[in-house]
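Notes for the one structure printed next.
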Amino acid sequence: MDRMERKKEEFQSDESYNAKEIEEKWARVWEKTGVYSLKSDRSKPKYYVLEMFPYPSGEPHMGHARNYTIGDVVARVLARKGYNVLHPIGYDAFGLPAENAAIKSGIHPKDSTMANINKMRKALKRMGMSYEFADEIITCEPDYYKWTQWFFLLFYKMGLAEKKRAKVNWCNSCQTVLANEQVISGRCERCDSEVTKKVLAQWFFKITEYAQRLLDDMKLLEGGWPERVLTIQRNWIGRSEGAIVNFRLLDDSKDIVIPIFTTRPDTLYGVTFFIIAPEHPLVDEIVKDSDYRKEVERVKEIILKQSDIERSSTEVEKIGCFTGRYVINPLNGEKVPVWIANYVLLEYGTGAIMAVPAHDERDFEFAQKYNIPVREVISPDGKEHEKLAKAYVDEGIMINSGIFNGINSVEGRKKIVSYLEENNLGKFTINYKLKDWLISRQRYWGAPIPIIYCDNCGTVPVPEKDLPVLLPYNVDFRPTGMSPLSYSEEFVNTICPECGQKAKRETDTMDTFVCSSWYFLRYCSPHYEKAPFERSEVDYWMPVDQYIGGIEHATMHLIYARFFTKVLYDAGLVNFKEPFIKYFPHGVVNLGGQKMSKSKGNIVNPSQIYNKYGADTLRLYILFIGPADSIVDWSDSGVEGAYRFLGRLWRLVVANIKFLQKNSIEEKCKSTSVVLDCKNQFMNGELGKLEKELYRKLHQTIKKVTQDVLDRFSFNTAISAIMELVNLMYKYNDTVSDDKKNVLLIKESTEKLLVLLSPIVPFITEELWSRMGKQDSIHRVSWPTYDEEVAKEELVTIIFQVNGKLRDKKDLPVDMPPEEMEKEALNSEKVRKFIGSREIVKKIVVPNKLVNIVIK
RNA sequence: GCCCGAGUGGCGGAACAGGUAGACGCAACGGACUUAAAAUCCGUUGAGGUUUUGACCUCGUGCCAGUUCGAUUCUGGCCUCGGGCACCA
């Protein structure tokens, strides 16, 4: 063949890998044949694979691509392994970005959201994601948020939803309140601007009532959830054990008791002063008619001017002042001066503390500044120390503690609590840092809270039959700090369902995290009209077997969804306590060491990659880039590498197809009498050295890929194993001439290679599969199995060490008896050289691994 | 400050029960093909040294110790980075 002809052939379209063409083609075919769905039938075991659903912001970003590719591969492999797989998709469609964009652009949030959902869906299909597209859910549709509202009413009935006045987080940029979970180190989770405090009446879900169960049920998640995520949640819930101790105010006329919370009741004898939070309601009472009033008010004013962030920072100087009053230490009857100070917060514990400067760093610092006495009551060695240079916060032996002297502080803690309880002076208490979940939002684009306020009847829940409370379309939703719905006459004005009089609707909408706290249940019966979900479907599919999504939701969505599930369990609506059995947090994709962000202009969109190289390259690269749970940096040359591999795969398979066409198995079969099967050939020793190596590699690869994907979520190593197989197949093709090639081996290895790759790169494998003459989709072929006998090496490289250092190695039969291994090692010239004339002290033989000769 | 997690070539990473450190890929270099380039294929690639050119030796997984015949892996201490909590009593 001359050069021109060869060139011509290379340029023929069916010869070279054209990602765009084949991907568009197969997307069309799959749409028609329903290959996207992984549901099969209920005779098979079920498996529910779920990725956190997206907020429809337009086209998916790289984080989405990573999240969904991981989920897609897992879901596809499980389906091929014979599971009935639920792998749904939907859109978390309420939320601020659409509303903010609307304020700028004038496009209604509903319209932009729906347009974005269409973009998103198109992109997901373009990337080859195997979702139940017919069962999508969209949280901003009335047939979904009707049930979000239904759940609100359920919580209300159960006494778990309440409106209360509280000091709440206020984001001035978003013009709404925020839940505690949505404030990240003093800043708004969404817009990053500083969060201030306001006292407002707001709706809360009482998640605090579930604090202990959220902790206890973590034992159901151990093994399925990464420990670090559970640790984050534990920290967030912030359980601490201690005691409430009642201090009586020294007062002739009134009997005022101020309780405090402490985790160190064993230090009660060390109390030398007492602090109440400056905004504590008792402060005014205490200083009334007192000479100290003016000074206390002055200091209080200074403290209240400090922002919450300032005040809760350890950097800020501690300030406070004496109130002129005293409390009585219930244990020893001592008179203790009462102070106010900026480091005592009203929100935590009881808003007042007993101060023990000898054993608390903060109290120590304060005492030093204001010359308050320090009394040591816990000593590391049981002796009293002249002057403490700093607070001793560890355990020790109790001193200066009356009848408790000489007792270990851990023991003393229990004894003092018992004493307090017996004498009605206090009690054992558990405190949590977790706060109730604030779900009201003063914004338009959310599910309206289904509550009516009536002058006669008070707060009245909207009757179930009147749901959904529809979100009106025509509303002026410019943020004013008031809910936009309050300006909508048609929305606000209603009739009280109880007395029929004119009444007004609640105008706040719900936090979108409420919508996402139950969506995984809706997926089980997305079109059900009688209830949020059909019980039998939820019983069948739930809980989610594998959940995948970003760890940034550890203290938000993931804790809310767990809470919701427990409430539904208590209501008898579900029979499981935890929604997600296993959770895998994928890492983020950075660019240039920084988070991709529009403002920084360092963004690579999935569409750029699939438009240039194809979706298969995108998927392959995003899995190969590094361990799925680690933060990775985007690399353009890495993408090139992935693309190159697909080209290499393409050429290999196309060449093998050609070869197989020329050398049909039927032809070969005529020449032998035995049934031809590669495994038989292998077992019968009919394969040549390289053939045997290739066949073994094939089985080893099946084993490794299966385990890496399903047991370890280790996609990068699974792919590298497949690359090794491809390299070996190339080597075989290059080394062995066509007339000597094993037809069966080529056929089997090519087919299985494609099947192994098909969940990762669904398009190219489908195309090559069809080119092999297959009628059915590769995505319906069952997952290959491996044979341990074949996968097992017959030779292993045994390491010969002298004094732990590698000196020689030799390929020896697997499972060689230790004595023989030892003999082999001692026969090695190199080993003998290193031993020389020295005495052998010890010989260590590890079967199938090594021999180590220890010499003096 | 407290609690987690991680530190391995020029780079991303592998080594999944304490046993060959650097799989696979990127980048770089050399070669083949080509008039040339691209693409492709093959090879080399941790550092240092010895060298009869076949190979051989020493060091090397953040740092310092320890346990062990043997440590990237286990233990203790330290350093750096990332994350969580944080005047939380």
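Using the numbering used here, the first residue of the first sequence is number 314, and each one after it goes up by one.
Even for Gly, the Cβ is constructed at its ideal location relative to N, Cα and C.
These numbers were taken from a predicted model, which means no experiment stands behind them.
Check: Neighbourhood of Leu1119 by C-beta distance below 7 Å, restricted to the same chain and skipping five residues each side; Outcome: Ile1112
Check: When Lys1122, Met471, Tyr732 are compared against Leu1139, the one with the closest alpha-carbon; Outcome: Lys1122
Check: Pick from Val649, Gln814, Asn655, Gly633 that is closest to Ser620, judged by C-alpha positions; Outcome: Asn655
Check: Rounded distance between the beta-carbons of Arg389 and Pro1072, thought under 8 Å; Outcome: 4 Å
Check: Residues near Ser1033 in its chain [Cβ-Cβ closer than 8 Å; skip 5 each side]; Outcome: Phe937
Check: Cβ-Cβ distance between Asn737 and Gly555 below 8 Å; Outcome: no
Check: Close beta carbons around Pro367, own chain, < 8 Å, minus the five adjacent residues each side; Outcome: Pro373, His377, Tyr404, Asp405, Met433
Check: Those runs of the alpha helix (DSSP H) which lie wholly inside the segment 763 to 837 and span at least 4 residues; Outcome: 802 to 805, 825 to 828, 832 to 835
Check: The segment 821 to 832 touching the segment 450 to 467, judged by at least three CB pairs closer than 8 Å; Outcome: yes
Check: Residue burial classification, Ser1141 (beta-carbon count within 10 angstroms, cutoff 16); Outcome: buried
Check: Runs of beta strand (DSSP E) wholly within the segment 608 to 685 (minimum 3 residues, chain order); Outcome: 633 to 641, 648 to 654, 665 to 668
Check: 8 Å contact criterion, which Phe1076 and Val1115 should meet: CB distance rounded; Outcome: That pair is no contact at about 54 Å.
Check: For Gly862 and Glu364, believed in contact at Cβ under 8 Å, the rounded distance; Outcome: 6 Å
Check: For Val730 and Phe574, the rounded distance between their alpha carbons; Outcome: 12 Å
Check: Spatially closest choice to Thr825 from Ile712, Met869, Val657, Val542, by CA coordinates; Outcome: Met869
Check: Buried versus exposed call for Glu1152 [16 or more other C-beta atoms within 10 Å across all chains shown]; Outcome: exposed
Check: Nearest residue (CA-CA) to Cys1184, options Arg964, Val1056, Leu871; Outcome: Because residue 1184 is not part of the residues shown, which for the chain are 314 to 1169, the question remains open.
Check: Inter-residue Cα distance where the pair is Ala332 and Val542; Outcome: 39 Å
Check: In DSSP terms, what Asn721 is bridged to; Outcome: Ile710
Check: Pairwise C-alpha distance: Val1103 and Ser329; Outcome: 34 Å
Check: As assigned by DSSP and simplified to three states, the class of Pro401; Outcome: coil
Check: Residues bridged to Pro892 (per DSSP); Outcome: For Pro892, which the question treats as bridged, DSSP gives no partner whatsoever.
Check: Terminal residues of the beta strand (DSSP E) in which Val1109 lies; Outcome: 1108 to 1115
Check: Reference Arg875; option with closest CA among Ala867, Pro892, Tyr882; Outcome: Pro892
Check: Simplified DSSP assignment, three categories, for Thr575; Outcome: strand
Check: Stretch-stretch touch, CB-based, cutoff 8 Å, three pairs: the segment 758 to 777 with the segment 523 to 542; Outcome: no
Check: DSSP state of Gly906 mapped onto helix, strand, coil; Outcome: coil
Check: Gln921 and Asn915 closer than 8 Å at C-beta; Outcome: no
Check: Inter-stretch contact at 8 Å, needing at least 3 Cβ pairs: the segment 482 to 489 / the segment 834 to 848; Outcome: no
Check: Ordered list of beta strand (DSSP E) runs contained in the segment 325 to 413, each at least 3 residues; Outcome: 359 to 364, 397 to 399
Check: Euclidean distance between Cα positions of Ala414 and Gln755; Outcome: 17 Å
Check: Within 8 Å, strictly: CB atoms of Phe587 and Val490; Outcome: no
Check: Per DSSP, the bridge partner or partners of Ile450; Outcome: Gly403
Check: contact_flag[the segment 582 to 600, the segment 776 to 796] where n(CB pairs < 8 Å) is 3 or more; Outcome: no
Check: C-alpha gap between Ala760 and Gln462, whole angstroms; Outcome: 7 Å
Check: For Asn431, the three-state DSSP class (helix, strand or coil); Outcome: helix
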